[in-house]
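Q: Just passing along the structure, written as structure tokens.
There are 2 protein chains.
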Amino acid sequence: MAMFEEQAITASDKAFFKLRKEIVDGVILSGSKLSETELSTRYAVSRAVVREAINRLEACHLVERKANVGARVVSLTPEGLIELYQVRESLEGMAARLAAQNMSEDEIADLNTLLNSQSEEVKTAELYYQEAGDLDFHYRIIQGSKNAYLISMLVNGLYHLVRMYRVQLGMAGPRVTSAFDEHKNIVQAISLRDSELAEMLMRRHIMYSKNNIKAKLQS
Amino acid sequence: MAMFEEQAITASDKAFFKLRKEIVDGVILSGSKLSETELSTRYAVSRAVVREAINRLEACHLVERKANVGARVVSLTPEGLIELYQVRESLEGMAARLAAQNMSEDEIADLNTLLNSQSEEVKTAELYYQEAGDLDFHYRIIQGSKNAYLISMLVNGLYHLVRMYRVQLGMAGPRVTSAFDEHKNIVQAISLRDSELAEMLMRRHIMYSKNNIKAKLQS
DNA sequence: ATTCGTTATTTTGTCGACAATATGCTTTTT
DNA sequence: AAAAAGCATATTGTCGACAAAATAACGAAT
Chain W
291 MAMFEEQAIT ASDKAFFKLR KEIVDGVILS GSKLSETELS TRYAVSRAVV
341 REAINRLEAC HLVERKANVG ARVVSLTPEG LIELYQVRES LEGMAARLAA
391 QNMSEDEIAD LNTLLNSQSE EVKTAELYYQ EAGDLDFHYR IIQGSKNAYL
441 ISMLVNGLYH LVRMYRVQLG MAGPRVTSAF DEHKNIVQAI SLRDSELAEM
491 LMRRHIMYSK NNIKAKLQS
Chain U
291 MAMFEEQAIT ASDKAFFKLR KEIVDGVILS GSKLSETELS TRYAVSRAVV
341 REAINRLEAC HLVERKANVG ARVVSLTPEG LIELYQVRES LEGMAARLAA
391 QNMSEDEIAD LNTLLNSQSE EVKTAELYYQ EAGDLDFHYR IIQGSKNAYL
441 ISMLVNGLYH LVRMYRVQLG MAGPRVTSAF DEHKNIVQAI SLRDSELAEM
491 LMRRHIMYSK NNIKAKLQS
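From first to last, the protein sequence lines are chains W and U. Each residue of the first sequence is one higher than the one before, starting from 291 at the first, in the numbering used here. Each residue of the second sequence is one higher than the one before, starting from 291 at the first, in the numbering used here.
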């Protein structure tokens, strides 16, 4: 899996990664308050590094902070999910368009082999694909866009929120095979350098995904 | 002008706004280093608040920071400008689409009166329109999307960078009247609740704008 | 009993100092 | 003379303490 490792240099980095993980995984409950003093004792670091970590989490929309009051983990709502997926549709659509223009032939080949290897897994272990494989696919296209803002906004920003929704709403849906076919079509469009089509297919792919989750949310 | 005032509560807020303004306006040169100690003496605050301000600037892509080394103001490059406008096209296109769906009739009416008032100014004082009027128009549509992520990413994030490019590349272009017509068409699409068309027109509008700036950049 | 005002406590915001890391300079070696 | 090693300096990262603000607790008045 081509999951790029972010490596922590400072103590703030470590605190940030740890906190982010706990929030995304639901260890720290959605909507709960983040006490700076409590966290600093729990992580055995100063309040300064906790503060910096929280600031960074605010930048990725994982916590909300009010001046002189404190920070809370964002609460997951159906409206928030819709809005998140609208932005995803917009940004990842553009990413697919740019990927069709900017990905190297080698990168496209890698993407194809990835899909083929997943093709086997889809028939057997469906769960694996849905979680990691889907992410890997989307990550590669985002990277393939070669657009620094796009990459940063999605990878460092929104995707953790997306994962948070997925984890905490327990997404292990029946959309595995259909999503796989959509992936294949997108890669084909990219292979043909048809940026227009690639964007369109990616947008639809994310729309379907949104509708799928929305349905789950109401059940 | 419906420019929403962000009000500074803490000292970090004030430092953040001040620093951001100086960077966008080019008072602090693009590419230069931001010394925490120097800034803390210049602003007469502690290093902690300067650090927090710099962290926030990093989140809006106005500075780049390396661990244990420091922060530098981003340098403006043609490639960066292109990438920025690609993201703008994507996000503001979606904003226009959502605005067509979600803006109230009153808000649309306001937008129309804004355009009509600008219609006068275009014939006389062209400069005013280009700077403030154009921003006002785009801000209203972004707000009209009613999508919190979209609004935050554009207004708190990318738009300061957009303004930085505009200010420092000296944009007072001859695109005034044509842009005005494009604005009119977008508003009309929104009035008709034609979200598809609104998105398409907005994307083209931003593409034209990009090409205009790109041409200026090479001259 | 409930509401309002006051006080006490907790939490965040800010500060200055120390530790750790990187940068620049001098010295030494080949 | 050039490159490398070591030292000095400056800058960032981290810490604990104090100041300011908000929340909670308490008591008084209606």
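Beta carbons: idealized from backbone N, C-alpha and C, even for Gly. Model, not experiment: these values are computed from the prediction.
Residues of chain W with CB closer than 8 Å to the CB of U/T367, please, in chain order.
A: Those within 8 Å of U/T367 in chain W number zero; the least Cβ separation is about 11 Å.
Q: Whose CA, out of W/Q376, W/V364, W/A488, lies closest to the CA of W/S435?
A: Checking every option, the nearest Cα to that of W/S435 belongs to W/A488.
Q: List the residues of chain W that U/M492 touches, going by C-beta distances under 9 Å, in chain order.
A: Under the 9 Å cutoff, chain W gives no residues; its nearest Cβ is about 11 Å from U/M492.
Q: Indicate the three-state DSSP secondary structure (helix, strand or coil) for U/K356 in the structure shown.
A: If DSSP states are grouped into helix, strand and coil, U/K356 belongs with the strands.
Q: State yes or no: is the beta carbon of W/H351 nearer than 8 Å to at least one beta carbon in chain U?
A: With 8 Å as the cut-off, W/H351 counts as an interface residue toward chain U.
Q: Could you please tell me which residues of the region 382-399 of chain W, in chain order, have their CB closer than 8 Å to any CB of chain U?
A: Listed by position, the residues of the region 382-399 of chain W near chain U (Cβ gap below 8 Å) are G383, M384, L388.
Q: What did DSSP end up calling U/R436 once you bin it into helix, strand or coil?
A: The displayed chain sequence assigns Lys, not Arg, to residue 436 of chain U. The answer is coil: DSSP assigns U/K436 none of H, G, I, E or B.
Q: Starting from W/L324, follow its DSSP beta bridges and name the residues at the other end.
A: Beta-bridge pairing links W/L324 to W/A361.
Q: Hey, out of W/S325, W/E486, W/M393, W/F470, whose CA is closest to W/H495's CA?
A: Ranking W/S325, W/E486, W/M393, W/F470 by Cα distance to W/H495 puts W/F470 first.
Q: Is U/L381 closer than 8 Å to U/M454 when the C-beta atoms are compared?
A: Contact: no.
Q: Between the Cα of W/V359 and the Cα atoms of U/K323, U/T300, U/N502, U/A505, which residue gives the shortest distance?
A: With distances taken between Cα atoms, W/V359 lies closest to U/T300.
Q: Beta-carbon within less than 6 Å of W/G383's beta-carbon, same chain only, minus the 5 sequence neighbours each way: which residues are those?
A: Hits under 6 Å: E489, M492, R493.
Q: Drop a sphere of 10 angstroms on the beta-carbon of W/V364, count the other beta-carbons inside from all chains shown, and report buried for 16 or more, exposed for fewer.
A: Buried, since its Cβ has 16 or more Cβ neighbours within 10 Å.
Q: Taking the CB atoms as reference points, tell me whether W/V445 and W/Y429 lie closer together than 8 Å.
A: The answer is yes: Cβ separation under 8 Å.
Q: Taking 8 Å as the threshold (C-beta atoms), are U/L366 and U/Q297 in contact?
A: Their beta carbons are not under 8 Å apart, which means U/Q297 does not touch U/L366 by this criterion.
Q: Any Cβ of chain W within less than 8 Å of the Cβ of U/I376?
A: The sequence shown places Gln at residue 376 of chain U, not Ile. Closer than 8 Å to some Cβ of chain W, the Cβ of U/Q376 qualifies, so yes.
Q: Does U/H450 come out as helix, strand or coil in the three-state DSSP assignment?
A: The answer is helix: DSSP assigns U/H450 an H, G or I state.
Q: Out of W/A361, W/L448, W/A338, point me to the one whose CA is closest to W/L425's CA.
A: Checked all of W/A361, W/L448, W/A338; the closest Cα to W/L425 is W/L448.
Q: Determine, for W/Y455, whether the minimum Cβ-Cβ distance to residues of chain U falls below 8 Å.
A: Not an interface residue.
Q: Counting pairs of Cβ atoms below 8 Å between the region 394-405 of chain W and the region 401-409 of chain U, do you hit three or more?
A: Touching, no.
Q: Take U/Q478 as the anchor and find which of U/A389, U/S322, U/G316, U/V314 has the nearest alpha-carbon.
A: Of the listed residues, the one whose Cα sits closest to U/Q478 is U/A389.
Q: Is there a C-beta anywhere in chain W that falls below 8 Å from the one on U/Y287?
A: Beyond the ends of chain U as shown, which are 291 and 509, falls residue 287 of chain U; an answer cannot be given.
Q: Chain W partners of U/T300, CB-CB under 9 Å?
A: Ordered by position in chain W, the residues that pass the 9 Å Cβ test against U/T300 are A357, N358.
Q: Among the candidates W/I432, W/R378, W/I480, W/I313, whose CA atom is the shortest distance from the CA of W/V500?
A: Residue identity differs from the one stated: residue 500 of chain W is Lys in this sequence, not Val. Out of W/I432, W/R378, W/I480, W/I313, W/R378 has the C-alpha closest to the C-alpha of W/K500.
Q: Could you tell me whether the Cβ of U/E486 comes closer than 8 Å to any Cβ of chain W?
A: Chain W contact via Cβ: absent.
Q: Are the beta-carbon atoms belonging to W/V339 and W/A305 less than 8 Å from one another?
A: For W/V339 and W/A305, yes; Cβs fall inside 8 Å.
Q: Roughly how many angstroms lie between the CA atoms of W/G460 and W/S320, to the nearest whole one?
A: Cα-Cα distance, rounded: 14 Å.
Q: Short of 8 Å in beta carbon distance, which residues of its chain neighbour W/H351, apart from the five on each side in sequence? Order them along the chain.
A: Result list for W/H351: V364, G447, L448, L451, in chain order.
Q: Below 9 Å on C-beta distance, what does U/E342 contact in chain W?
A: R341, E342, N345, listed in chain order.
Q: Give a yes or no on whether the C-beta atoms belonging to U/I313 and U/M393 are separated by under 8 Å.
A: Going by C-beta atoms, U/I313 is not nearer than 8 Å to U/M393.
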